[in-house]
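See below for the structure under consideration.
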Amino acid sequence: MPVTRGFGGSPRRGRPDRLPPGQYDTGRDWPILTAEAQPRIDPEEWAVTVDGAVESPRTWTWREAHALPGSTYFGDIHCVTTWSMLDTTFGGVSVDTLLDLARPRPDATHLMAHCETGYTTNLPLADVTDGKAWLVWEYDGRPLPAEHGGPVRLLVPHLYFWKSAKWVDRLELLTTDQPGFWERNGYHDRGDPWLEQRYQGDP
Amino acid sequence: MSEAESPWTTGEVVEIERIGDRLVRLRLDVAARVDHLPGQHYVVRLRAPDDYTAQRSYSVASEPDDSLVELMVECLPGGEVSGHLHDVADVGDVVELRGPIGGWFTWAGEATAVCVAGGSGVVPVVSMLRHAASHGLLDRLRVVAVGRTLAELPYSAELLDHGAFVALTRENFGDRVAAPPYPDELEALVDGVERAYVCGSVGFATYATRLLGEAGVRSDLVRIEQFGASS
């Protein structure tokens with residue numbers, strides 16, 4: 314591809330190794346991107362269900378979810394629109410904890426996250442197990458703001474952030490892969506930022 | 447809803463117009479171009495001599511039938527890509543492009559729709575309007591465009607020509623006093639719509655979505671394209 318005439322780019326010095334290709338550090342400005350109107354969800358009325366290809370479908374209310382062993386993520390997040398935010402802290406519960414109780418069937422291979430708004434996103438089971446995914450209700454020690462998916466969003470920080478569905482209320486275990494909302498609308502099926510899996514047709 | 451994959455290609459700048467110190471309008475001849483749907487965007491990637499790259503997404507303003515792809519880019523403070531396009535880019539330059547992208551915020555006449563756009567958020571709506579005008583579909587597309595002043599609102603003359611309702615927040619316009627649009631000003635425009643599009647900054651999109659709700663539009667009909675940070 315051609316060099317752009319007259320383009321030098323921002324200073325490279327100090328560019329951290331942890332910034333995936335094509336990303337920039339947004340600092341503490343956390344952009345808000347949604348495709349649908351932001352819902353108002355009362356935590357007392359929120360609940361999350363794990364069902365589909367599981368031995369024991371389960372639903373947890375806000376209080377019941379908080380009674381599960383807590384888990385914290387400290388690290389970076391990456392959005393397909395090219396911003397990354399470093400050193401974030403999210404608190405909630407590990408998806409492993411929910412799956413341990415719902416017990417995915419042996420033929421379960423994928424998970425579809427469903428949201429209050431109808432938004433969906435699909436993930437291979439391997440991307441949401443072994444400490445890679447959370448349901449989170451705290452950001453930086455405070456309740457997760459509604460515009461960032463509060464009261465509860467999915468957090469899958471090793472993939473582009475459209476996978477970290479806002480306003481999540483159901484994790485459906487699947488026996489085959491099915492595309493979610495953005496995956497039907499031109500975006501990559503998996504979304505690994507280190508492989509720049511942004512759009513359909515990327516490696 | 448699925449779209450063909452769109453690999454990286456290149457576009458040559460055929461026309462460039464700098465509008466004030468905040469906007470630049472580019473018309474690009476795109477190699478191996480795939481036709482877009484009104485509302486879609488392209489990724490523009492700039493490459494430095496040491497192969498460092500920076501890329502950002504910009505909505506398309508042109509209609510699919512246009513032989514060129516038109517982008518209207520707003521300069522953001524310290525914007526690495528928008529700053530280059532505004533200050534340095536010139537006719538004959540070649541940039542890397544990828545697109546069209548996005549299969550959700552699109553309109554090609556399939557539904558009666560209202561668009562509420564703020565500032566540079568009018569860009570994808572201009573593509574929809576141009577397409578509607580070329581195909582006799584203007585009766586299916588109602589547009590509310592909100593700007594601070596007429597001079598700051600991109601494509602203001604064209605929006606008015608196509609019958610958009612323009613609301614200015616910082617200057618009086620005709621007999622309308624400077625103010626954001628009121629729900630009762632939208633009543634006739636939202637009557638019978640099957641879909642609504644909102645495009646603008648985060649603050650604008652939040653406001654516009656609430657406004658549509660107050661005017662009676664169900665939230666599940668609203669499709670949003672927004673940009674910018676929360677703080």
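Just so you know, the protein sequences line up as chains A and B, in that order. Residues 314 to 516, numbered by our numbering, are exactly what the first sequence covers, in order. Residues 447 to 677, numbered by our numbering, are exactly what the second sequence covers, in order. Ideal Cβ placement from N, Cα and C applies to all residues, glycine included.
Nearest CB-CB separation between A/Thr-434 and chain B: not below the 9 Å threshold. Within 8 Å of the CB of A/Pro-315, the CB atoms of chain B belong to Thr-456, Arg-493, Val-540, Glu-542, in sequence order along the chain.
Residue environment: B/Tyr-628 is assigned as exposed (fewer than 16 neighbouring CB atoms within 10 Å of its CB, all protein chains considered). Around A/Gly-504, the same chain offers Val-393, Leu-472, Tyr-473, Trp-475, Lys-476, Gln-510, Arg-511 as residues with beta carbons nearer than 8 Å, after the five sequence neighbours per side are excluded. Between A/Glu-357 and A/Thr-430, the gap from beta carbon to beta carbon reaches 9 Å or more. Identification of residues in the segment 543 to 576 of chain B having a C-beta nearer than 8 Å to some C-beta of chain A yields Arg-544, Ile-547, Gly-548, Gly-549, Trp-550, Phe-551, given in sequence order. Straight-line spacing of the CA atoms in B/Leu-667 and B/Val-560 works out to 10 Å. By the rule that beta-carbons nearer than 9 Å mark a contact, B/Ser-503 touches chain A. Counted as a single uninterrupted DSSP element, the stretch harbouring B/Tyr-653 is not any beta strand (DSSP E) but the alpha helix (DSSP H) occupying residues 648 to 660. Put simply, of A/Leu-484, A/Thr-347, A/Ala-446, A/Pro-324 the residue whose alpha carbon is nearest the alpha carbon of B/Gly-649 is A/Thr-347.
Taking a C-beta cut-off of 7 Å against chain A, the contacting residues of the segment 513 to 537 of chain B are Glu-526, His-530, Val-534, listed in chain order.
In the three-state scheme derived from DSSP, where H, G and I count as helix and E and B as strand, B/Met-518 is classed as strand. When the five nearest sequence neighbours on each side are left out, the beta carbons in the same chain lying within less than 8 Å of the beta carbon of B/Gly-538 are those of Glu-458, Val-459, in order along the chain. DSSP, read as helix, strand or coil, puts B/Ala-624 in coil. Annotation for A/Thr-394: no alpha helix (DSSP H) segment contains it, and DSSP assigns it neither H nor E.
The residue among B/Arg-594, B/Tyr-653, B/Gln-672 with its C-alpha nearest the C-alpha of B/Arg-616 is B/Arg-594.
Given a length threshold of 3 residues, each whole run of the beta strand (DSSP E) inside the segment 401 to 432 of chain A is given here in chain order: 423 to 428. Residue burial is scored here from C-beta neighbours: B/Ala-535 has at least 16 other C-beta atoms within 10 angstroms and is therefore classed as buried. In the displayed model, B/Ser-505 falls within a strand according to three-state DSSP. Remark: C-beta atoms of B/Val-571 and B/Leu-605 approach each other more closely than 9 Å. Within the segment 469 to 506 of chain A, the complete beta strand (DSSP E) segments at least 3 residues long are 481 to 487, listed from N- to C-terminus. Taking C-beta atoms under 8 Å as the contact rule, B/Leu-543 and B/Tyr-601 fail to qualify, at a distance of about 21 Å. Around the C-beta of B/Ala-610, 16 or more other C-beta atoms lie within 10 Å, and the residue is accordingly described as buried.
Ranked by Cα distance from A/Ser-397, the first of A/Tyr-337, A/Pro-464, A/Asp-364, A/Leu-448 is A/Tyr-337. Under the three-state reduction of DSSP, A/His-461 is assigned to helix.
Listed in chain order, the positions of the segment 485 to 512 of chain A with a beta carbon within less than 7 Å of a beta carbon of chain B are Arg-497, Asn-498, Gly-499, Tyr-512.
One Cα belongs to A/Tyr-452, the other to A/Thr-401, and the distance between them is close to 8 Å. If you check each beta-carbon in the segment 382 to 410 of chain A against every beta-carbon of chain B, the ones closer than 7 Å belong to Thr-394, Thr-395. As computed with DSSP, B/Gln-672 is found in a beta bridge with B/Gly-646. Of all residues in the segment 342 to 358 of chain A, those with a C-beta nearer than 9 Å to a C-beta of chain B are Asp-342, Trp-343, Pro-344, Ile-345, Leu-346, Thr-347, Ala-348, Glu-349, Ala-350, Gln-351, Pro-352, reading in chain order.
Every alpha helix (DSSP H) stretch that sits fully inside the segment 528 to 586 of chain B and reaches 4 residues is listed by chain position as 569 to 580.
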